[in-house]
Structures are given as structure tokens and as C-alpha cells.
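Novice:
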Amino acid sequence: MNKLKVSNEIFSFLFSVCTTLFFSVDAFAASGLQLGANELVALSGAQCGLVKGKWIPGSILKNGKFYSYSQQKKDVNKQLRKKGLKSATKKRLQSKLKAVSKKIKKQNAICSRVPALLRPTPTPISIATPLPGAQQIAWSADATDVRTNIGGEYLYFCPSNPAGTDTGIYGTDVYTSDSEICLAAVHAGLFNKSSGGNAKIRIKAGQSLYIGSVRNGIESNFYGPYVGSYVFIDLVTGQELISNTPPIIKWSMSAYPVYTLIDQQFTFICPSGGVANSIWGTDIYTYDSSICTAAVHVGLISLQNGGEVTIRIRPGQSSYIASTRHGITSSSYGPWSGSFIFVQ
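Per mature numbering (1 follows the signal peptide of the UniProt record, and there is no 0), the sequence shown runs over residues -29 to -1, 1 to 315.
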């Protein structure tokens, strides 16, 4: 056999192997950017990094660096411009380029939502000084006395109360009328307990469900049907302060508050730095299983990064199967009255 031919075949083989390794995102860590923990977010199946003031999609590498899809696209194009590429190698690179371009198109929209998740609610024009016409109230005050005046608006002033309780509210954005107004205002991001501040509410009709969440260090509770509600109003624009982002829940949170609402879907955000809690089942979980932990088990998010998940409530099952996935072990269980699955 011709030695030159053998050498060329060996070279072609090694080049092919190196090209494959080159485009493993972890193998190409040199192109990754070192970003801070607050500059990396996992959301709805996408991994986003804050690069030059903009949240863009990419891959979070094992070494903690961020390798953006736009940089991956540039690197693939650079390889395609090289002379002497074998047709198989060129085809593989073109396939990689197509896949990366598709990810950019799909995940740009997801990453563009990150600023809204991190952006605090604008503070009111005045803090710790009562506005004209504001009624000073105690931190235990709620809207029970005015809940029948649908559409009515009320301006209150909450004095500083750094040692106040962190419990006593139900809902997110829309609160039950018996929720403590001042604490709900802290939860909504209007001010903190130490500063106190002004809060304007609008009375709304009762709701069939109030979603609990964790915001600004305050945890609100879930609640079923209730007779009255209120929302906060921006003191400048007069618009109702309703967020477009899903509520953040604790890792211990289960689907118990909503397990009777069969086939309804609910979207939540599991915060980063999670701690695994108990779950029962595989793919379909008992309603008292930790939502966030089950999301790790099914492969949607990680304990480290958290992320956005959507569940659908399902009827109870005759049995639930145990398994170990993604570092999480679920338990088995017999008949149970309610379940949930993930919508992907």
C-alpha cells in the first residue's frame, strides 16, 4: 500500500475526530466567557448569559463559562471557510450551523424575558412620607371593610415596621381582601418594612384561586375561592401592578393547593440554589411531591440553576413508580387522590 495514501487517510481520520471534539461545547471551553452567578439564568429549557448588557442564549459549560450560540455560530462558519474540507466534515459542520441557528431563533425570545424577571417593581414617588390624602394604617390592617366597593380606590400610608411579621397575605398581584395591605405592598415591591411607604389599592371581585409566591423576601400563600380581592396601583401611571412573569415558589412547594383543578396548567419559577425535597412517582407525580424537585427528576431544570416549569393537574393514580434520574431519587406509592405532570 502507498505510504502517502495511508498517511492521508490517517490525517483525514484524525481531522474528523478533532473537528467533532472541537464542536463539543465543553471541549471548546476557551471560547466561553467567565460570567458571574447573577449573569447566568436557566429559563424554560434555555440557558441565558448577560453579555454586553444583553441576555442571549448559549451553553453553560462544565467549567462555569458561558459559550453563546452566536459565538458558536461564528466558530462553525470559521471552520467552514477552511480549504480542503472533506464532504462528510462539511456536511457535519453545516448541520451544526443549522442547529445553532435554530436555537438562536427559538431561545432569543426566552432570554429576552430575563430582565423582566429580575427587574424590581418601580418604587413609588414618595417613601416613608405620607402623600396628601393618604390614611395611615397599622400593618395588621386589611381591606375587609371596603371589599364590597368594587372598583373603589384607597390610598394608605404604612409606617416603618422593621420587626413586623412576614406572614398574613394570600395571592400574587391580586390579593385576598383579608390580606394585610402593608405586608402585601412589600411583597409587591412597593417598599420594604424598614422604610414603610405609600400604597394605593383598587378593590376587585373575589377570585376562584389566589396563587402564592416568594417575592422581595416575603412569602404569600395560596388560597381557593374568596369573596373579595384588591390590587395595587402605580402612584404615577394609575395602572394596576400586574406582573407578566410567573410566580417564584419555594423548593418545598407542592401542587396541593391546586390538585383539584384537573387539567389546568400552572407555571412557576424555581429559584437557583435549590435543595431537593421528597417526591413520589416518575413522570407523573403525587400532588404532594415537590414541584421543583420533580422538575429536576424529569430533566427540565437543575438544583443549581433552577428555572421555569409548567405543570398540568391530573387525576389520582392507582400507583406511582420509583426511579433515580438526574441525581434525584423518587419513591413509589400506592393509590393517591391527585397527581401532576410537566408540560414540555
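All C-beta atoms, glycine included, are put in the ideal place defined by N, C-alpha and C.
Note that the structure is predicted; figures quoted are calculated from it, not measured.
1. For Asp113, count neighbouring C-beta atoms within 10 Å of its own C-beta (all shown protein chains included) and say buried if the count is 16 or more, exposed if not.
2. Closer than 7 Å to a non-hydrogen atom of the ligand NAD - does that hold for the CB of Leu11?
3. Give the secondary structure of Tyr141 by DSSP, where H, G and I count as helix, E and B as strand, and everything else as coil.
4. Quick one, which of Arg296, Gly183 and Asn163 has its alpha-carbon nearest Ser134's?
5. At a cut of 8 Å, does the stretch 220 to 238 reach the stretch 162 to 178 through at least three beta carbon pairs?
6. Can you tell me whether DSSP reads Val71 as helix, strand or coil?
7. How big is the Cα-Cα spacing for Lys74 and Gly24?
8. Could you tell me whether the Cβ atoms of Ser184 and Ile220 are closer together than 8 Å?
9. Count the other C-beta atoms from every protein chain shown that fall within 10 angstroms of the C-beta of Glu151, then say buried if there are 16 or more, exposed otherwise.
10. Less than 8 Å between the C-beta atoms of Val157 and Val202, yes or no?
11. Tell me the rounded alpha-carbon separation between Gly277 and Tyr230.
12. According to DSSP, what are the bridge partners of Leu180?
13. Tell me, please, which residues DSSP counts as bridged to Gln236.
14. Return the first residue and the last residue of the beta strand (DSSP E) that Ser41 is part of.
15. Measuring CB to CB, does Tyr181 end up less than 8 Å from Thr147?
16. With the cut-off set at 8 Å, would you say Ile312 and Ile292 are in Cβ contact?
17. What's the call for Lys171, buried or exposed, on a 16-neighbour Cβ count within 10 Å?
18. Along the beta strand (DSSP E) that carries Pro295, what are the first and last residues, could you check?
19. Starting from Val12 and walking both ways along the beta strand (DSSP E), at which residues does that stretch end?
20. Find the nearest neighbour of Gln78 within the set Cys263, Gly270, Ala17 and Asn120, judged by alpha-carbon distance.
21. Check this for me: beta carbons of Ser308 and Arg285, under 8 Å apart or not?
22. Kindly say whether Ser66, judged by its beta-carbon, lies nearer than 8 Å to any beta-carbon of chain C.
23. So if DSSP puts Glu124 in a beta bridge, which residue, or which two residues, is it bridged to?
24. Indicate the three-state DSSP secondary structure (helix, strand or coil) for Tyr227 in the structure shown.
25. Can you look up Asn34 in the DSSP assignment and give me helix, strand or coil?
26. How close, in whole Å, do the beta carbons of Ile299 and Ala247 come, if the pair is a contact with beta carbons under 8 Å?
27. Roughly how many angstroms lie between the CA atoms of residue 359 and Gln210, to the nearest whole one?
28. To the nearest angstrom, how far is it from the Cα of Ser97 to the Cα of Ile108?
29. For Ser214, which residues from the same chain have a beta carbon less than 7 Å from its beta carbon, with the 5 sequence-adjacent residues on both sides left out?
30. Under a three-way DSSP split, which group does Ala80 fall into?
31. Hey, how far is the Cα of Val280 from the Cα of Ala266?
Specialist: From the atom records:
1. Against the sequence shown, residue 113 aligns to sequence position 142. Asp113 should be labelled buried.
2. For the structure depicted, the ligand NAD is absent and the ligand set is empty, with no information on it obtainable.
3. Numbered from 1 along the sequence shown, position 170 holds the residue referred to as residue 141. Strand.
4. Taking the first residue of the sequence shown as 1, we reach residue 134 at position 163. In the sequence as displayed, the identity of residue 134 is Ala instead of Ser. If we check each option's Cα against that of Ala134, Asn163 comes out closest.
5. no
6. Taking the sequence shown and counting its residues from 1, one reaches residue 71 at position 100. Val71: helix per DSSP, three-state reduction.
7. Position 103 of the sequence shown, counted from the first residue, corresponds to residue 74. Position 53 of the sequence shown, counted from the first residue, corresponds to residue 24. Looking at the two C-alpha atoms, the distance is approximately 20 Å.
8. Counting from 1 along the sequence shown, the entry for residue 184 is found at position 213. Counting from 1 along the sequence shown, the entry for residue 220 is found at position 249. Yes, these two residues count as a Cβ contact at 8 Å.
9. For the purposes of this step, residue 151 is identified with residue 180 of the sequence shown, where counting begins at 1. Answer is buried; the Cβ neighbour count reaches 16.
10. Locating residue 157 in the sequence shown gives position 186, counting from the first residue. Locating residue 202 in the sequence shown gives position 231, counting from the first residue. For Val157 and Val202, no; Cβs fall outside 8 Å.
11. As a working mapping, residue 277 is identified with position 306 in the sequence shown. As a working mapping, residue 230 is identified with position 259 in the sequence shown. Distance between the alpha carbons of Gly277 and Tyr230: 23 Å.
12. Residue mapping note: residue 180 aligns to position 209 of the sequence shown, counting from 1. Leu180 is not bridged to any residue.
13. Taking the sequence shown and counting its residues from 1, the one referred to as residue 236 is at position 265. Gln236 is bridged to Arg283.
14. Numbered from its first residue, the sequence shown carries residue 41 at position 70. Run containing Ser41: none in the beta strand (DSSP E); it sits in the alpha helix (DSSP H), Tyr40 to Leu51.
15. For the purposes of this step, residue 181 is taken as the residue at position 210 of the sequence shown. For the purposes of this step, residue 147 is taken as the residue at position 176 of the sequence shown. Against a cut-off of 8 Å, the Cβ pair of Thr147 and Tyr181 comes out as a contact.
16. Residue 312 sits at position 341 when you count from the first residue of the sequence shown. Residue 292 sits at position 321 when you count from the first residue of the sequence shown. Not a contact, by the Cβ cut-off of 8 Å.
17. On the sequence shown, position 200 is the one that residue 171 refers to. So Lys171 counts as buried.
18. By one-based count along the sequence shown, residue 295 stands at place 324. The sequence shown places Thr at residue 295, rather than the Pro named in the question. Ser294 to Arg296 is the span of the beta strand (DSSP E), which, as asked, contains Thr295.
19. Here residue 12 corresponds to residue number 41 of the sequence shown, with the count starting at 1. From DSSP, the beta strand (DSSP E) with Val12 extends over Leu11 to Leu14.
20. Here residue 78 refers to the residue found at position 107 of the sequence shown. Looking at the Cα atoms, Ala17 is the closest of the given residues.
21. Taking the sequence shown and counting its residues from 1, one reaches residue 308 at position 337. Taking the sequence shown and counting its residues from 1, one reaches residue 285 at position 314. Cβ atoms of Ser308 and Arg285: not closer than 8 Å.
22. No chain C is present in this structure, which holds just one protein chain.
23. As a position in the sequence shown, residue 124 is number 153, starting the count at 1. Arg173.
24. As a working note, residue 227 is residue 256 in the sequence shown. Looking at Tyr227 - three-state DSSP - the assignment turns out to be helix.
25. For the purposes of this step, residue 34 is taken as residue 63 along the sequence shown, with counting starting at 1. Correct three-state label for Asn34: coil.
26. By one-based count along the sequence shown, residue 299 stands at place 328. By one-based count along the sequence shown, residue 247 stands at place 276. Indeed, because the Cβ distance is near 6 Å, the residues count as touching under 8 Å.
27. It is not possible to answer for residue 359, since the shown part of the chain is limited to -29 through 315.
28. By one-based count along the sequence shown, residue 97 stands at place 126. By one-based count along the sequence shown, residue 108 stands at place 137. Residue placement at Ser97 cannot be trusted, given a pLDDT of 42 that sits under 50; what the coordinates show is reported in the next sentence. Those two C-alpha atoms are separated by around 16 Å.
29. One-based indexing of the sequence shown puts residue 214 at position 243. Around Ser214: Asp144.
30. Numbered from its first residue, the sequence shown carries residue 80 at position 109. Three-state result, Ala80: helix.
31. Locating residue 280 in the sequence shown gives position 309, counting from the first residue. Locating residue 266 in the sequence shown gives position 295, counting from the first residue. Each residue's alpha carbon lies about 7 Å from the other.
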